[in-house]
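A short write-up of the structure that comes next.
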Amino acid sequence: MGPFSKPLFEDPSARKLARVGVVDVGSNSVRLVVFDGAARSPAYFYNEKIMCALGADMADTGHLSIEGRARALSAMKRFKKLADGMGLSELTCVATAAVRDATDGKAFCEEVRQATGLRIWVIDGEEEARLSAQGVLLGWPGAYGLVCDIGGSSMELAEISGGRVGRRVTSQLGPLKLRDIKGGAKARKAHIKEVMETLEDRMGSQRDRLFLVGGSWRAIARIDMLRRGYPLHVLHEYRMTRKSVSATVEYIRKNDVEDLRTLAGVSATRAALVPYAAEVLGRLIKTFKPKDIAISSYGIREGMLYEQMPQRLRDRDPLIEACRFAEAKDARMPGFGKALNSFIAPLYKSASGPRKRMVKAACLLHDVSWRAHPDYRAEVCFDNATRANLGGLKHSERIFLGLALLHRYSNKRENTRFEDLYGMIDERTRLEAEVLGKAMRFGAMLWMNKDEERGELRWFPQKKQLELWLTPDMVPLFGEVAEARLSSLASSLGANVTVKTRKRGKRVPDQISA
């Protein structure tokens with residue numbers, strides 16, 4: 003199934019997912035998310051979180067926090083009102099560890115139902131693990147490894163492989179519960195070690211990628227970025243090594259949490275739980291020894307959306323689907339990305355599959371920022387590509403895509419506010435992005451009708467020879483600006499360039515020199 007096959011976001015099976023609302027009633031927060039858009043890689047139409055700490059003090063009382071329960075009920079009333087205003091037919095609401103463990107959990111659900119009409123589905127730990135793992139699969143189709151989702155009162159593990167969720171297990175290693183353990187740090191350390199050994203026995207050997215899901219993990223990732231001086235503050239797909247995690251766990255232990263909170267931009271409520279979560283993470287990586295660690299912004303809420311997808315939609319590439327949707331919504335000529343990709347494809351005959359994928363994504367996005375002011379269009383393109391909510395995209399690929407789109411509108415990349423990000427990819431990759439951007443910049447000059455017969459590029463990399471073949475009726479489009487852009491592309495390729503004309507169906511000798 004190619005990336006330019008018919009998009010599914012207009013298909014009836016996908017259109018019913020065009021706006022889906024879910025509520026996650028967690029131990030620490032209650033959140034409403036409304037998804038909208040491309041279905042396979044949806045936009046967050048609305049996203050609101052209220053820190054309620056429903057699970058606070060449960061170790062002592064056995065029931066939900068009185069204050070947290072009142073705040074959660076207020077949040078559910080607000081969310082129902084918002085959903086009605088957005089025209090949502092229903093909200094899917096799930097509750098996790100705090101509500102399922104509390105003696106008054108059922109009473110709270112009934113109180114919400116009477117006040118709002120919303121039914122809360124209380125799921126067990128293994129179901130929570132499954133949904134979180136499906137959220138990871140939403141962003142990483144075909145991913146394999148171990149998913150670890152930490153909430154306020156529990157921590158779940160699930161293995162994923164070949165697009166499927168395998169073994170799953172839940173534990174009581176949530177930071178709210180760890181905070182209540184008597185005996186201080188020494189007792190917590192022993193408890194965490196004992197529980198982690200039990201989890202290892204249940205899950206078996208896990209040496210692949212570790213996907214971290216949950217607000218406490220994201221807070222630790224922000225602190226890791228701070229410690230490393232990492233320039234791209236995008237949490238999804240942020241990568242860490244075991245060595246880096248160990249260093250950050252020690253960094254958290256040695257520094258004042260309030261100082262770290264301020265510097266890393268972590269909320270006060272979340273920061274209070276970070277030291278406990280860091281202790282768990284340190285033991286987690288020692289136990290399972292993952293080959294690398296990735297932060298996932300997708301979790302249980304995205305897993306609830308994934309649950310509703312037909313398999314043929316799940317099988318789609320989330321990046322390409324999102325780019326197709328962006329082109330359909332914002333480009334001046336939807337569908338032109340396919341024609342542009344075909345035109346510049348000769349430059350990428352020997353490119354790897356992942357590189358061709360990035361070329362296709364760039365062609366789809368090449369014109370979606372045309373409304374930006376011309377003086378800032380190149381920077382807007384870079385900013386959108388590097389910080390947009392896109393799944394299936396490594397940080398290095400974000401920079402590559404951003405640079406390619408920047409060069410779609412500008413020959414130069416110097417003197418922008420993004421220069422500290424360029425170093426995230428090597429010089430050769432920066433040049434490849436420049437070539438792609440200039441190829442799109444030139445290709446967009448040659449025609450305006452996506453179905454029109456277009457020119458043909460021929461590229462001979464060994465000879466460093468670039469040829470442009472035009473039909474006679476296309477020659478008038480090859481004006482001074484187009485000629486300058488072709489020359490700029492050839493310069494970046496280190497190539498000589500020749501422009502030729504051909505009759506329909508055959509080539510004829512040189513007619514034009516450039």
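Residue numbers for the sequence shown follow our numbering, so the first one is 3 and each next one is one higher.
We put the CB at the ideal spot given by N, CA and C, even for glycine.
Inclusion of Gly154 and Gly57 in the CB contact set at 7 Å is warranted, their separation being smaller than that value. Apart from sequence neighbours up to five positions away, the residues of its chain that approach Lys440 with a beta-carbon distance below 6 Å are His409, Ser490, Leu491 and Ser494, ordered along the chain.
With fewer than 16 neighbouring CB atoms inside 10 Å of its own CB, Val483 falls in the exposed class. Nearest neighbour of Leu459 by Cα position, chosen from Val36, Trp471, Phe402 and Lys466, turns out to be Trp471. Rounded to whole angstroms, the separation of the alpha carbons of Gly355 and Ile125 is 40 Å. Just measuring C-alpha positions, the residue of Gly284, Arg121 and Met447 sitting nearest Gly481 is Met447. Note: Leu93 is bridge-paired with Gly23 in the DSSP secondary-structure output.
Taking the Cβ atoms as the reference, Arg263 lies roughly 13 Å from Ala279, outside the contact range of under 8 Å. When secondary structure is reduced to three states using DSSP, Phe480 falls in the coil class, being assigned neither helix nor strand. Glu416 carries a coil assignment under DSSP once its states are collapsed to helix, strand and coil. If you look at Ile297, you'll find it isn't in any alpha helix (DSSP H); it sits in the beta strand (DSSP E) that goes Asp294 to Ser298. Within the region 184-222, complete beta strand (DSSP E) segments of at least 3 residues are found at 211-215, given in chain order. With a contact defined as Cβ atoms closer than 8 Å, Pro292 and Arg42 miss out at about 27 Å. Residue environment for Gly425: exposed (fewer than 16 other C-beta atoms within 10 angstroms of its C-beta).
The Cβ atoms of Val282 and Ile222 lie no closer than 7 Å to each other.
Check the Cα spacing between Asn417 and each of Ala135, Glu381, Ser218 and Met335: the tightest is with Glu381.
Exclusion of the five residues before and after Gln208 leaves Leu148 and Phe290 as the residues of its chain whose Cβ lies within less than 6 Å of its Cβ. Close CB contacts of Asp428 within its chain, under the 7 Å cut and outside five residues either way in sequence, are absent. Burial is judged here by how many other beta carbons sit within 10 angstroms of a residue's own beta carbon; Gly107 has at least 16 and is buried.
Taking C-alpha positions only, Gln174 is separated from Asp62 by approximately 15 Å. By DSSP's assignment, Val138 forms no beta bridge with any residue. Scanning Leu265, Ser218 and Leu212 for the CA closest to the CA of Arg241 turns up Leu212. From the listed residues Gly393, Leu366 and Glu196, the smallest Cα separation to Ala406 is found for Leu366. Cβ-Cβ separation between Asp151 and Ile302: approximately 7 Å, consistent with a contact (criterion under 8 Å). In the DSSP assignment, Trp461 forms a beta bridge with Leu468.
Lys188 and Ser31 have their C-alpha atoms some 28 Å from each other.
The closest CA to that of Ser29, considering only Glu260, Ser67 and Leu307, is found on Ser67.
Cβ-Cβ distances below 8 Å link Ala364 to Leu403, Ala406, Leu407, Arg410, Leu438, Gly439 and Met442 in the same chain, with the five nearest sequence neighbours on each side left out; the list follows chain order. A distance of 7 Å or more separates the beta carbons of Phe420 and Phe462. According to DSSP, Glu50 shares a beta bridge with Leu34.
With 16 or more other Cβ atoms from the protein chains shown falling within 10 Å of its own Cβ, Gly23 counts as buried. As DSSP reads the structure, Asp151 sits in a beta bridge with Glu158 and Val215.
Thr243 sits exposed, since fewer than 16 C-beta atoms from the chains shown fall within 10 Å of its C-beta. Three or more pairs of CB atoms, one per stretch, sit closer than 8 Å, so the region 295-313 contacts the region 127-144. Counting C-beta pairs closer than 8 Å gives fewer than three between the region 226-239 and the region 155-169, which falls short of the contact rule.
Here Asn498 is bridged, per DSSP, to Gln467.
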